[in-house]
Amino acid sequence: MTQPVPTVEHVFEPDDAQPEETEPDAAGGGEAGAGASVAQPWWRDGVVYQVYVRSFADASGDGIGDLNGIRKHLPYLASLGVDALWLTPFYVSPMADHGYDVADPVDVDPLFGTLADYDALVSEAHALGLRVLNDIVPNHTSDQHRWFVEALASTPGSAARERYVFRDGSGPDGDEPPNNWLSTFGGPAWRRVTGPDGRPEQWYLHLFAPEQPDLNWRNPEVGDDAERTLRFWLDRGTDGFRIDVAHGLYKDPELRHNPVAEVSTNLIGNDTKYSWDQPEVHDVYRRWRNVFDSYDGDRVAIGEVWVGEPTGWAAYVRSDELHLLFTFSLTLAPWSAEDWRTAVEAALAAVGDVGATATWVLGNHDVSRPVSRYGSTARARAGLLTTLALPGAYYLYQGDELGLPDVDVPPEMRQDPMWQRLGVGRDGCRAPMPWDSREPHTGFSTVDPWLPEGPDWPALAVDVQADDPMSTLVLTHGALAVRKAIPALGLGTGELVWHDAPDGVLLFERPGSPAVVCATNFGSTAIELSLPGRLLLASAPLTYDGETLRLPADAAAWIVPR
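Residue numbers (our numbering): 1366 to 1927.
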């Protein structure tokens, strides 16, 4: 077992610059500046660690991560200081899209373990103070789901086919797709099936891979089955769900052509008019909210929603719908102070209008890692510190606490279905975790892993970074510890005040007792700022005399102002 992360009190500042001791409330935060703390649900300012199950840790020795591998490293997650872990799909699946093609949503795929392993994981996580979130995939199933197998064996218009989106083709012989919708993974979003007599027949919709047929949410049977799935896992103790493609589900009832100018084949920024974000989807989440509210323990639903402007996605977190949405703005923003401020202001304004809280994310299993996306480890460290100072919750993708870059996966080893259809893929950010520099495959597995490791994995492994006070791992641990100790930081309903700053610098304050100022230099040269106070934490070595902060390029610092 890898050693837990050592507790750190600070990173770059002498002992006399420690933050004032502040007693957080039971929910992890309180009202900024108030003498008494105000309780709020844990998820409003919680830090959730995304576990990409296939790549976290392999306990079975087959080169693929599993539930028992996660159990082995639960002490690491607890000592890191996160509040919960989100597990990517571990359900029964033929793995055409690495688990997001679900054949049975109420059982564990043998590749990852058993239901008993899941129950043990939840029990052990809870004992360590960690919550566990599942990933649910309501937009589509696997083509090997019993429903779809039954649909293929049935005739057009049958009850079995009404669970999916089957339609006759267009053109004189029905040999053209029903409309112009495109798959997120490339090409038409329709595949034609063959009847029992061998003749071409109807087409079915798949907004992702052909192995992922879209469900027909206008059929009440689909919604009832989804609720049964939710309750199955909630009854087993799961603390909530991340909802895949939460803006999907319902499609335009007439299946109208998407305007050509609005058609997108990208997973990120998909703004198709008639295939996503239909008004009826909000009724689904009102129903689900009632389900979650019927359980104790602040169960949470967080949606993956890509609908363009923040005012559009904020509709999903009205008081009777989802609790949280991923705020993807910063994963799309260039490395500049102006772009980051614009993204933050728009997101906070949108969720503020509906009384919700922002949920920040810099990386996940679908986007390039911050180190590679921003072009340097220094920028990734500064971005991490900046984002953790924003009001709301934070989702940390596994390996980003180590500063891992994308792995250059050779074409012959790539497995992402997006790569097969578009020539671009997400394998690089999904490489296995490096745990122990002294072990084969850096402690992830005893055999060759399903994706290759990075060449610098031994130097970035957990055991190496845990002993290095300047490492990204120790920085992350320190930031999470300070965030918990000071109520103003991360407070889901807390205030953010912008301060004037030179070009290229982002400067904002989280009022409270104590207040915290975050300064980030997005520029290419060091800059001096008059900031009387005490240094809490910095992403890079810097010069500070309690009055003037000399902040290097691509660096961030937290200051308690005087």
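Glycine included, each C-beta is placed from N, C-alpha and C at the ideal position. All of these numbers come straight from a predicted model, not from anything done at the bench.
Counting along the chain, no alpha helix (DSSP H) covers P1470; the unbroken beta strand (DSSP E) around it starts and ends at 1469-1473.
About 18 Å separates the beta carbon of V1467 from that of V1497, a gap too long to meet the 8 Å contact definition. A direct Cα-Cα distance of roughly 47 Å separates W1546 from S1444. R1683 has its alpha-carbon roughly 28 Å from the corresponding atom of R1621.
When the beta-carbon positions are compared, D1448 and G1857 stay at least 9 Å from each other. For the 9 Å CB-CB criterion, L1442 and L1486 do not form a contact. When the Cα atoms are used, A1721 and L1689 turn out to be separated by approximately 7 Å. DSSP, read as helix, strand or coil, puts Y1650 in helix. Annotation for F1873: the continuous beta strand (DSSP E) segment containing it runs 1870-1875.
Runs of the alpha helix (DSSP H) lying entirely within the region 1724-1748, each at least 4 residues long, are 1735-1739 in chain order. Taken through DSSP and simplified to helix, strand or coil, Y1465 comes out as coil. The region 1454-1473 and the region 1571-1585 touch, with no fewer than 3 CB-CB distances between them shorter than 8 Å.
The beta-carbon separation of Y1456 and Q1763, rounded to 19 Å, does not stay under the 8 Å limit for a contact. In this structure, L1901 keeps its C-beta atom at 9 Å or more from the C-beta atom of L1753. For Q1830, the enclosing alpha helix (DSSP H) starts and ends at 1827-1831. Sequence-distant Cβ neighbours of G1790 in its own chain, meaning closer than 7 Å and more than five residues away, are R1779, D1781, M1783, W1784.
Around the C-beta of R1744, 16 or more other C-beta atoms lie within 10 Å, and the residue is accordingly described as buried. Bridge pairing for G1668: I1608, L1690 [DSSP]. The criterion of a C-beta distance shorter than 9 Å is not satisfied by V1412 and L1687. The residue among H1505, Y1681, A1866, P1897 with its C-alpha nearest the C-alpha of G1888 is A1866. The Cβ-Cβ distance between V1827 and D1801 falls below 9 Å. Annotation: the continuous alpha helix (DSSP H) that includes V1587 extends over 1585-1600. According to DSSP, residue pairing for F1531 in a beta bridge involves Y1569.
The three-state reading of DSSP puts G1898 in strand, counting E and B together. Cβ-Cβ distances below 8 Å link V1732 to I1633, T1696, R1738, R1791, C1794 in the same chain, with the five nearest sequence neighbours on each side left out; the list follows chain order. When DSSP states are grouped into helix, strand and coil, H1842 belongs to the helix group.
Cβ atoms of L1755 and A1723 come within 8 Å of each other, at about 7 Å. Taking Y1639 as reference, the option from F1657, G1613, V1649 with the minimal CA-CA separation is G1613.
Annotated as distal: R1607 and G1662, with beta-carbon spacing of 9 Å or more. Membership of L1713 in the alpha helix (DSSP H) is indicated by the continuous run 1702-1718. Rounded to the nearest whole angstrom, the CA to CA distance from K1437 to G1478 is 13 Å. Around the CB of M1798, 16 or more other CB atoms lie within 10 Å, so the residue is classed as buried. Here DSSP, grouped into helix, strand and coil, assigns V1812 to coil. Under the DSSP definition of a beta bridge, A1422 lacks any partner.
When secondary structure is reduced to three states using DSSP, A1449 falls in the strand class.
Residue pairing by DSSP places P1553 opposite L1547 in a beta bridge.
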